[in-house]
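This report concerns only the one structure given below.
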Amino acid sequence: MISYFTELNKLTASVNDALSKLGITTTSVYVGEPTEPAFGEITTNAAFVLAKTFKKPPYEIAKDFLNKIEYDKENLSAEIHPSGFINFRFTERFYLSFLNEILKNDGFGEIQVKEKKKIIIEHTSVNPNKALHVGHARNVVLGDTFYRLFKRLGHDVKVLNYIDDTGVQVADLIVGFKYLGYSLESDDKFDHYCGDVVYVNANKAIEENEELKKKRSEILKDLEEGGEIYNFAKPIIEKIVREQLKSAWNIGARYDILNWESHFIHGGYWKKMFEILKEKGLVKFIKEGKYKNCWVLLDKKILIRSDGTTVYTAKDLTYAAWKLGLIHDEFYYHVFSKQPDNTDVYTTTLSDGIKGLYTPADEAYILIDQRQLPLQNLIKETLRALSVSKEYKVIAYGLVALSKNTAEKIVKGKVEKEFVHMSGRSGIYYNLDDLMDAIKIAAINLINNRNPLLPDKEDTASKVAIAAIRYSLLRPDLEKQIVFDIDDALKLEGDTGPYIQYTYARASKILEKANQEFSKLEEINLSQEEKNLLLYMSKYDYYLLKAYSSMSVSILANYAHELAFRFNVFYEKKRVLDEKDTKLRTLRLALVYAYKLIISDLMNVLGLPTLKEL
RNA sequence: GGGCCCGUAGCUCAGCCAGGAUAGAGCGUCGGCCUGCGGAGCCGGAGGUCGCGGGUUCGAAUCCCGCCGGGCCCGCCA
Numbered sequence: 160m161i162s163y164f165t166e167l168n169k170l171t172a173s174v175n176d177a178l179s180k181l182g183i184t185t186t187s188v189y190v191g192e193p194t195e196p197a198f199g200e201i202t203t204n205a206a207f208v209l210a211k212t213f214k215k216p217p218y219e220i221a222k223d224f225l226n227k228i229e230y231d232k233e234n235l236s237a238e239i240h241p242s243g244f245i246n247f248r249f250t251e252r253f254y255l256s257f258l259n260e261i262l263k264n265d266g267f268g269e270i271q272v273k274e275k276k277k278i279i280i281e282h283t284s285v286n287p288n289k290a291l292h293v294g295h296a297r298n299v300v301l302g303d304t305f306y307r308l309f310k311r312l313g314h315d316v317k318v319l320n321y322i323d324d325t326g327v328q329v330a331d332l333i334v335g336f337k338y339l340g341y342s343l344e345s346d347d348k349f350d351h352y353c354g355d356v357v358y359v360n361a362n363k364a365i366e367e368n369e370e371l372k373k374k375r376s377e378i379l380k381d382l383e384e385g386g387e388i389y390n391f392a393k394p395i396i397e398k399i400v401r402e403q404l405k406s407a408w409n410i411g412a413r414y415d416i417l418n419w420e421s422h423f424i425h426g427g428y429w430k431k432m433f434e435i436l437k438e439k440g441l442v443k444f445i446k447e448g449k450y451k452n453c454w455v456l457l458d459k460k461i462l463i464r465s466d467g468t469t470v471y472t473a474k475d476l477t478y479a480a481w482k483l484g485l486i487h488d489e490f491y492y493h494v495f496s497k498q499p500d501n502t503d504v505y506t507t508t509l510s511d512g513i514k515g516l517y518t519p520a521d522e523a524y525i526l527i528d529q530r531q532l533p534l535q536n537l538i539k540e541t542l543r544a545l546s547v548s549k550e551y552k553v554i555a556y557g558l559v560a561l562s563k564n565t566a567e568k569i570v571k572g573k574v575e576k577e578f579v580h581m582s583g584r585s586g587i588y589y590n591l592d593d594l595m596d597a598i599k600i601a602a603i604n605l606i607n608n609r610n611p612l613l614p615d616k617e618d619t620a621s622k623v624a625i626a627a628i629r630y631s632l633l634r635p636d637l638e639k640q641i642v643f644d645i646d647d648a649l650k651l652e653g654d655t656g657p658y659i660q661y662t663y664a665r666a667s668k669i670l671e672k673a674n675q676e677f678s679k680l681e682e683i684n685l686s687q688e689e690k691n692l693l694l695y696m697s698k699y700d701y702y703l704l705k706a707y708s709s710m711s712v713s714i715l716a717n718y719a720h721e722l723a724f725r726f727n728v729f730y731e732k733k734r735v736l737d738e739k740d741t742k743l744r745t746l747r748l749a750l751v752y753a754y755k756l757i758i759s760d761l762m763n764v765l766g767l768p769t770l771k772e773l
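First residue of the first sequence: 160, per the numbering used here; consecutive thereafter.
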């Protein structure tokens, strides 16, 4: 494959060669994208670095230095900017070679990292007592997109979803069903009903009633021990999980294995973990003072309470150890459900099903919001102390809050702050399913205005909604807090997911009408719009690998928009089907064809559905 | 008190890791472009003390230090 990335690598090597011949071994020389398109496609500041050693103006040095760089003159032309930068520009030959490669391979082909790894990624992991809200959606969409990226780069990837079925939030819900008389049937989607009605009200009742608090503690203990209440709760939790999965599938996610917290306790995994920690002296029993009768990890965090029950960190540490093979997998597995992509999601069981489905990963990724970072770092630290060489990688992202305007709609009253954090317990959240529905309605209205004869309006509107939601959650930098505003979310113009879908539809329509096959293209003069589009297309592997090395999917979302923009400019400025010159018409058609291949590849990595028409 | 993250146009955000050449998008706003390869688009205008102050450097939005503002964590919750 010939691409921006291959040429950049070759040139970087040449520049470094030339530098080492001069006896310079510095690493501070930049070879890469310039700040402005006017400065070419690849630039280097080598002359500035050399200026320090040779005490001559950068421009003079650049003139000599350029002669020492061996570069492919077929693909690159060089010029020296008066400032001293050496700028390289791709030749028409490069663009045509690239385009011909795409046509030959019918796409970009394989893009592989040097070392293929076995990776697992855990995401979603929402408490099974409520529906997914837009904050959870950020976790799902980021996790699913990292999964897609890893897979596109050739890794062996499995997706895990952890279900905390022995926690306080589940206990609250069970209090509602067992002691407050809530029905187990509802006309609403079951996860919505549990979260919006049963959990919120049960939580309120428990806070005001000591008797119920006691009941909750009993339930919590029974869940850990796997008693009668656990068996009562199990089908309820499972029903909620099935609804949560539907919401996640609806925005394009998929999973391989569901892990249940209760299985790690009932299956004896925590016991093994505890033995290992004791053996290595990482936990201490406290005899005196505030933490009397507790077990404490690394002098920092209580793992076992004085009443003998374990805290969440203990369970999560066990889970991490299982992921990386420190504790052996002895689960049985069976199919939990068929998924929309036709794969199966498996669940662990303690007694029934096939064995050996899971083998330990080289790298285990986990997606968490920033609040959980200190705890996950403690787990990392513990694994290191246990000499686990395999990598535990934490991807943390900023919280999703509700805008003042959106929060006011939910609480049906005045809100003082500019934004408010979501809270399942107090009923302040915006559910993902509701967001999907709201965008679908907006999309259908738009279709009725613009393209009333479109078949499958419902399906198209769903796909527009998926693209809109995923893109809006992927585009901001990981660390940034997102303030969700429903009115903004309903806008489908500008820098959005549908903008990218729209270019795919435009390309599809042209190709459908043209109905032409392509062979190898001959030499032809390219316009600036055509070169710009080809340049961005040629950067596909460069951006995928950059996103991977910097663990940033927002880089990819921004790149997708840049690429789509180049297509729209080309589309506005150059006619394709009406072009009288057949050579030029064929070139442009080939360009549209290649664009469609690359943008659909990228859209697949980002999980944005393609639409031939909208 | 200790720690983490953020601060760039009216609003939402890129750019910062690897310092360099006129700081870029989107929304909003003002003005253009459809008897059409579909306008969910394109072109142009207005709009910026890159939170503030020092330091390093020939050169700082970018690196270092200090401060200010916003958010979060520091529990026998998860």
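No residue lacks a Cβ here, since even glycine has one placed at the ideal position from N, Cα and C.
Note that this is a predicted model, so its numbers are computed, not measured.
Legend entry - First and last residue of the uninterrupted alpha helix (DSSP H) at R248: That residue, R248, is in no alpha helix (DSSP H); its beta strand (DSSP E) goes 245-249.
Legend entry - Counterpart residues of E838 in DSSP-defined beta bridges: As displayed, the chain neither begins before 160 nor continues past 773, which places residue 838 out of reach and without an answer.
Legend entry - Alpha-carbon spacing of P196 relative to E731, whole angstroms: 20 Å
Inset, instruction - Rank H720, L651, R734, K616 by C-alpha distance to the C-alpha of K771 and give the top, closest one. - result: K616
Inset, instruction - Indicate whether F643 and V293 have their beta-carbon atoms separated by less than 9 Å. - result: yes
Legend entry - Three or more C-beta pairs below 8 Å linking the region 570-581 and the region 270-287: no
Legend entry - Residue span of the alpha helix (DSSP H) that contains F677, given as start and end: Counting along the chain, F677 falls outside any alpha helix (DSSP H), and DSSP gives it neither H nor E.
Inset, instruction - Might you give, ordered along the chain, the residues of its own chain that have their beta carbon closer than 8 Å to the beta carbon of I538, omitting 5 neighbours on each side? - result: T472, D475, L476, A479, Y551
Legend entry - Runs of alpha helix (DSSP H) lying entirely within the region 612-691, each at least 4 residues, in chain order: 616-633, 645-648, 656-673
Inset, instruction - Note down the Cα distance separating G656 from V623, rounded to an integer number of angstroms. - result: 8 Å
Inset, instruction - Using beta-carbon positions only, say whether L332 and N298 come within less than 9 Å of one another. - result: no
Legend entry - Range of the contiguous alpha helix (DSSP H) that encloses S162: Here S162 belongs to no alpha helix (DSSP H), and DSSP marks it neither H nor E.
Inset, instruction - Report the residue from L693, K698, E721, L637 whose alpha carbon sits nearest the alpha carbon of L746. - result: L693
Inset, instruction - Reducing DSSP to helix, strand and coil, say where I486 ends up. - result: coil
Inset, instruction - Please classify K705: does DSSP put it in a helix, a strand, or coil? - result: helix
Legend entry - Residues of its chain near E577, where Cβ-Cβ distance is below 6 Å and the 5 sequence neighbours each way are ignored: K563
Legend entry - Residues bridged to W419 (per DSSP): I322
Inset, instruction - Alpha carbon to alpha carbon, how far is L637 from D654? Give it in angstroms, no decimals. - result: 18 Å
Legend entry - Backbone secondary structure at T565 - three-state DSSP: helix
Legend entry - Integer-rounded CB distance, given that S510 should sit under 8 Å from V504: That pair is no contact at about 20 Å.
Legend entry - C-beta atoms of I435 and L485 nearer than 9 Å: yes
Legend entry - Same chain, Cβ closer than 7 Å to D350, five either side skipped, listed in chain order: K289, A290, I399, E402, Q403
Inset, instruction - Compare the beta carbon distance of M710 and I757 with 9 Å and say whether it is the shorter of the two. - result: no
Inset, instruction - Run the CB neighbour count on P217, radius 10 Å, all protein chains shown included, and call it buried at 16 or more, exposed below. - result: buried
Legend entry - At least 3 beta-carbon pairs within less than 8 Å: the region 738-753 vs the region 672-682: yes
Legend entry - Classification of E377 by the beta-carbon crowding that lies within 10 angstroms, buried from 16 upward: exposed
Inset, instruction - Please classify H282: does DSSP put it in a helix, a strand, or coil? - result: coil
Inset, instruction - Enumerate, from N- to C-terminal direction, the unbroken beta strand (DSSP E) stretches of 3 or more residues contained entirely within the region 189-234. - result: 201-203
Inset, instruction - Between the Cα of T518 and those of G512, V553, W481, spot the shortest distance and give me the residue it belongs to. - result: W481
Legend entry - Inter-stretch contact (C-beta, 8 Å, three-pair minimum) for the region 522-535 and the region 545-559: yes
Legend entry - Integer Cβ distance of Y254 from L685, believed to fall under 8 Å: 6 Å
Inset, instruction - Kindly examine the ligand FMN and report whether one of its heavy atoms sits closer than 8 Å to the Cβ of H422. - result: Ligands in the displayed structure: none, and consequently the ligand FMN is not present.
Inset, instruction - Compare the C-alpha of T250 against each of E260, S236, F257 and name the closest. - result: S236
Legend entry - Euclidean distance between Cα positions of I598 and N763: 21 Å
Inset, instruction - Scan the region 298-351 and note each continuous alpha helix (DSSP H) run of 4 residues or more that stays entirely inside, going in chain order. - result: 327-338
Inset, instruction - Ignore the nearest five residues each way along the sequence and tell me which others in R530's own chain have a CB closer than 6 Å to its CB. - result: none
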